Ligand SMILES: Nc1ncnc2c1ncn2[C@@H]1O[C@H](COP(=O)(O)OP(=O)(O)O)[C@@H](O)[C@H]1O
Ligand SMILES: [Mg+2]
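Residue numbers (the numbering used here), protein chains in the order written: chain A, 92 to 459; chain B, 24 to 333.
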């Protein structure tokens with residue numbers, strides 16, 4: 092008797108289920124679109140137009156020039172002029188402004204005398220993304236202003252930062268490749284786990300147990316359809332990314348799709364593992380949800396892994412999404428090839444084997 | 024030829040709880056064996072252990088001469104099992120369900136075509152072949168389920184409460200199917216709560232509290248000494264105001280048991296108490312043979328009495 096006995100009828104049946112329940116397929120293809128819209132358009136992580144108030148203690152030619160420089164950036168939007176420290180603080184506290192530029196009364200005098208003038212930027216630190224962007228741009232502006240004022244020839248050192256690979260630091264370029272990975276992992280885990288648990292609830296899994304079907308046959312029959320669906324979903328999200336968000340793919344699509352296979356199998360394996368634990372669909376859903384949070388927040392999808400505390404970095408290392416995000420960003424943004432990304436592929440393959448192996452052991456225990 | 028089903032002192036324990044306690048039974052080829060007993064008495068567990076779904080804690084079970092513990096894979100191809108909530112795929116059509124199970128049993132295309140024709144003929148499911156299983160009525164679902172359980176021509180079929188919740192006509196149709204198959208040599212172990220179904224079985228076993236308290240043909244059970252205690256007689260009392268009479272009868276000192284049976288009361292009384300019974304009820308009692316249900320009630324009462332005497 093083959094180790095995979097029953098895989099073929101299981102597989103065929105599973106595709107019939109999918110055909111009969113187009114909801115699942117629509118769910119799989121529609122959710123990414125909604126997510127893309129939310130993350131791609133609404134959640135624009137590039138900081139622009141920070142509402143800023145100005146407190147110019149002694150308006151002068153010089154101070155007006157400085158304010159004009161601020162106005163010319165896209166980062167700051169001057170929303171009001173105030174005339175006291177109290178008013179300035181009030182504007183920030185009640186949320187009308189997230190930054191305040193304070194130019195002291197002796198600014199012009201000190202600049203003219205070359206005595207080192209100070210300009211203060213007060214930033215609302217409650218949103219770290221905004222405050223760090225504000226500080227960066229502020230520093231750069233002041234640097235430029237210094238250069239302009241130092242009339243003695245060109246500056247000796249000039250800072251000219253350049254962002255590689257995502258020159259416009261556009262959010263979609265950064266988010267969408269991560270989204271592909273995070274979304275597909277969750278989808279595959281949930282669909283596989285639910286389809287097995289559904290059979291347990293309905294009693295068909297017990298029925299299968301008295302037939303010559305082998306655990307690996309059941310598992311294969313359950314994994315292939317959803318791995319296929321996950322694969323289609325990846326292609327679909329990449330298509331939207333390319334066409335709607337105009338994110339170019341710098342590397343080879345074939346590399347990306349090749350490395351997607353172990354990633355999808357690992358996800359399906361996790362789904363199977365969950366299904367051996369869960370007694371009801373609701374429980375399976377909860378457990379799948381449990382895997383969702385780490386794969387969104389600890390995979391580097393949203394927060395850079397290097398900024399995480401060491402314990403969390405460790406967790407991020409056991410999440411398949413982490414490695415596949417490396418792959419998607421590598422291929423799409425940096426044009427990385429198989430030669431650069433194979434370690435990720437190796438880890439994903441090891442994870443796939445481990446997950447499927449563990450699930451097989453659990454299935455064996457339950458089915459025989 | 025060895026018996027098709029044979030258990031020797033089979034026990035099944037879940038932790039400290041014993042769900043099946045030293046049950047021995049043998050069923051021969053072509054027999055229809057009925058397993059009765061209240062809910063929780065261990066019927067399903069016993070069947071599951073024979074199908075290899077539950078581990079046996081003690082004793083021995085053999086199916087078709089094979090050990091259920093060690094030779095489960097070989098057994099699987101030769102048995103059919105219809106669980107209490109048979110696993111039909113509700114979004115698949117009747118035909119697709121049959122096709123799936125035949126695929127699972129590894130039937131060749133040729134053999135599947137032949138088996139489909141024969142199962143369809145047997146179950147008369149032709150008009151519903153392309154309807155989804157979930158849309159079938161309870162009776163048709165059960166027939167389809169039986170069809171799926173026998174698509175691979177098993178030699179033994181286990182049916183766990185196959186007629187629970189279906190209408191009387193469908194019940195009869197399902198039993199006709201069972202007897203047709205048993206006539207072809209298929210062996211059945213069927214659990215049921217219906218006495219009329221039990222009466223149709225060749226032999227019956229009564230499980231109570233995990234133990235087999237009685238086993239034999241229906242006639243044998245009715246003549247069981249334990250069901251007909253010495254010095255007692257069984258009477259039927261037919262009268263209009265049956266519930267009030269039941270209370271009266273139960274209060275009489277010489278009445279051991281009294282239960283309502285349709286339009287009458289069945290009472291187990293001390294022998295020679297018939298005249299007193301007639302006086303108390305105002306109706307002439309008619310001596311009767313115990314029904315199968317009477318037998319089980321008497322057996323159960325005796326066990327309860329023995330236990331409280333301890
Ligand atoms: N897997 C299990 N673990 C613990 N107890 C169980 C298990 N399966 C059945 N039982 C218990 O065994 C007893 C017999 O159950 P069952 O065989 O289903 O009875 P029946 O089919 O006669 O109604 C019940 O009390 C049930 O709770
Ligand atoms: Mg039961």
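Backbone N, C-alpha and C fix where the C-beta goes; we use that ideal spot for every residue, glycine too.
As the structure is a computational prediction, the values presented were derived from the model and not from experiment.
Which whole runs of the alpha helix (DSSP H) in the segment 233–283 of chain B are 4 residues long or more, in chain order? 241–245, 265–274
Would you kindly work out how many angstroms separate the C-alpha atoms of residue 250/B and residue 318/B, rounded to a whole number? By 1-based counting over the second chain, the position of residue 250/B is 227. By 1-based counting over the second chain, the position of residue 318/B is 295. Rounded to the nearest angstrom, the two C-alpha atoms are 5 angstroms apart.
Taking DSSP as the reference, what is the three-state secondary structure of residue 135/B? Position 112 of the second chain, counting from 1, holds the residue named residue 135/B. Three-state result, residue 135/B: helix.
Of the listed residues 312/B, 127/B, 55/B, 31/B, nearest to residue 200/B (C-alpha basis): Position 177 of the second chain holds residue 200/B. Closest by alpha carbon: 55/B.
For a test of your reading of the model: does the CB of residue 67/B fall under 7 angstroms from any non-hydrogen atom of ligand 2? Yes or no. Counting from one through the second chain, the residue named residue 67/B turns up at place 44. Because some heavy atom of ligand 2 lies under 7 angstroms away, the Cβ of residue 67/B counts as near it: yes.
Kindly list, in the order they appear in chain D, the residues whose Cβ is closer than 8 angstroms to that of residue 108/B. Of the protein chains in this structure, namely A and B, none is chain D.
Just to confirm, is the Cβ distance from residue 407/A to residue 396/A under 8 angstroms? In the first chain, counting from the first residue as 1, residue 407/A sits at position 316. In the first chain, counting from the first residue as 1, residue 396/A sits at position 305. Yes. Within cutoff.
Within 8 angstroms (strictly less), CB to CB, does residue 297/A reach chain B? Start at 1 with the first residue of the first chain, and residue 297/A comes out as number 206. Yes, because at least one Cβ of chain B sits closer than 8 angstroms to the Cβ of residue 297/A.
Just checking residue 62/B against ligand 1 - is the residue's beta carbon closer than 7 angstroms to any of the ligand's heavy atoms? Walking along the second chain from the start, residue 62/B turns up at place 39. True, at least one ligand heavy atom lies under 7 angstroms from that Cβ.
Assuming residue 165/B contacts residue 197/B (C-beta within less than 8 angstroms), just tell me the rounded distance between them. Numbered from 1 along the second chain, position 142 holds the residue referred to as residue 165/B. Numbered from 1 along the second chain, position 174 holds the residue referred to as residue 197/B. Yes, they are in contact, since the Cβ atoms of residue 165/B and residue 197/B sit about 6 angstroms apart, within 8 angstroms.
Closer than 8 angstroms, CB to CB, is residue 119/B near chain A or not? Taking the first residue of the second chain as 1, we reach residue 119/B at position 96. Cβ-Cβ to chain A under 8 angstroms: yes for residue 119/B.
Using 8 angstroms as the limit for Cβ to Cβ distance, is residue 327/A near chain B? Within the first chain, numbered from 1, the residue matching residue 327/A stands at position 236. Answer no: the Cβ-Cβ gap between residue 327/A and chain B never drops below 8 angstroms.
As assigned by DSSP and simplified to three states, the class of residue 176/B: Start at 1 with the first residue of the second chain, and residue 176/B comes out as number 153. Note: residue 176/B maps to coil in three-state DSSP.
In angstroms with no decimal places, state the Cα-to-Cα distance between residue 211/B and residue 71/B. Translated into the one-based positions of the second chain, residue 211/B becomes position 188. Translated into the one-based positions of the second chain, residue 71/B becomes position 48. If I take the Cα positions, the gap works out to 14 angstroms.
I need the straight-line Cα distance from residue 364/A to residue 151/B, nearest angstrom please. The residue given as residue 364/A occupies position 273 in the first chain. The residue given as residue 151/B occupies position 128 in the second chain. So the two alpha carbons sit approximately 37 angstroms from each other.
Rounded to a whole number of angstroms, what is the C-alpha to C-alpha distance between residue 214/B and residue 59/B? Numbered from its first residue, the second chain carries residue 214/B at position 191. Numbered from its first residue, the second chain carries residue 59/B at position 36. Looking at the two C-alpha atoms, the distance is approximately 6 angstroms.
Do residue 76/B and residue 300/A count as a contact pair if the criterion is CB distance below 8 angstroms? Here residue 300/A refers to the residue found at position 209 when the first chain is read from its first residue. Here residue 76/B refers to the residue found at position 53 when the second chain is read from its first residue. Yes, the pair counts as a contact, with Cβ atoms nearer than the cut-off.
Is it the case that the Cβ atoms of residue 308/A and residue 355/A are separated by a distance below 8 angstroms? Taking the first chain and counting its residues from 1, one reaches residue 308/A at position 217. Taking the first chain and counting its residues from 1, one reaches residue 355/A at position 264. Cβ distance not < 8 angstroms, so residue 308/A and residue 355/A don't count as in contact.
Which residue or residues does DSSP assign as beta-bridge partners of residue 193/A? If you number the first chain from 1, residue 193/A lands on position 102. The partner list for residue 193/A (beta bridge, DSSP) reads 146/A, 211/A.
Residue 37/B: CB within 7 angstroms of a non-hydrogen atom of ligand 1: If you number the second chain from 1, residue 37/B lands on position 14. Correct: residue 37/B has its Cβ closer than 7 angstroms to ligand 1.
With a 10 Å radius around its C-beta and 16 neighbouring C-beta atoms as the bar for buried, classify residue 119/B as buried or exposed. The residue you call residue 119/B lines up with position 96 of the second chain. Looking at its Cβ environment, which holds 16 or more other Cβ atoms inside 10 Å, residue 119/B is buried.
For residue 154/A, collect the residues of the same chain with a Cβ closer than 8 angstroms to its Cβ; drop the 5 residues on either side in sequence, then sort them by chain order. Locating residue 154/A in the first chain gives position 63, where the first residue counts as 1. So the qualifying residues of the chain are 147, 194, 198, 199.
Within the segment 337–399 of chain A, note down every full alpha helix (DSSP H) run reaching 4 residues or more, in order along the chain. 344–368, 372–388
Under the three-state reduction of DSSP, which class applies to residue 42/B: helix, strand or coil? Here the question's residue 42/B lines up with position 19 in the second chain. Three-state result, residue 42/B: strand.
Residue 404/A Cβ short of 7 angstroms to ligand 2 heavy atom set: In the first chain, counting from the first residue as 1, residue 404/A sits at position 313. No, since every heavy atom of ligand 2 falls outside the 7 angstroms radius drawn around the Cβ of residue 404/A.
From the DSSP output, read off the bridge partner residues of residue 172/A. As a first step, residue 172/A must be located in the first chain, where it is residue number 81. In the DSSP output, where bridge partners are listed per residue, residue 172/A has 145/A.
Would residue 202/A and residue 169/A qualify as a contact pair, given that the criterion is a beta-carbon distance under 8 angstroms? In the first chain, counting from the first residue as 1, residue 202/A sits at position 111. In the first chain, counting from the first residue as 1, residue 169/A sits at position 78. Contact: no.
Would residue 409/A and residue 382/A qualify as a contact pair, given that the criterion is a beta-carbon distance under 8 angstroms? To locate residue 409/A, count along the first chain from 1; it is residue 318. To locate residue 382/A, count along the first chain from 1; it is residue 291. For residue 409/A and residue 382/A, no; Cβs fall outside 8 angstroms.
CB contact flag (residue 126/B, residue 100/A, <8 angstroms): By 1-based counting over the second chain, the position of residue 126/B is 103. By 1-based counting over the first chain, the position of residue 100/A is 9. Cβ distance < 8 angstroms, so residue 126/B and residue 100/A count as in contact.
Straight-line CA distance for residue 116/B to residue 331/B? For this step, residue 116/B is matched to residue 93 along the second chain. For this step, residue 331/B is matched to residue 308 along the second chain. Cα-Cα distance, rounded: 54 angstroms.
For the alpha helix (DSSP H) containing residue 461/A, name the first residue and the last one. Beyond the ends of chain A as shown, which are 92 and 459, falls residue 461/A; an answer cannot be given.
Looking at the C-beta of residue 111/A, does it have a partner C-beta in chain B at a distance below 8 angstroms? Position 20 of the first chain, counted from the start, is the residue given in the question as residue 111/A. It does; some Cβ of chain B falls within 8 angstroms.
Report buried or exposed for residue 246/A, applying the criterion of at least 16 other Cβ atoms within 10 angstroms of its Cβ. As a working note, residue 246/A is residue 155 in the first chain. Reliability of the predicted coordinates at residue 246/A is poor, the pLDDT of 45 falling under 50, and no value is obtained from them.
Below-8 angstroms beta-carbon distance, residue 313/A vs any chain B residue: As a working note, residue 313/A is residue 222 in the first chain. Output row for residue 313/A: interface = no.
Just mark residue 192/B as buried or exposed, buried being the case when its beta carbon has 16 or more other beta carbons within 10 Å. Against the second chain, residue 192/B aligns to sequence position 169. Residue 192/B is exposed by the Cβ-count criterion.
What would DSSP say about residue 30/B, mapped onto helix, strand or coil? For the purposes of this step, residue 30/B is identified with residue 7 of the second chain, where counting begins at 1. Three-state DSSP puts residue 30/B in a strand.
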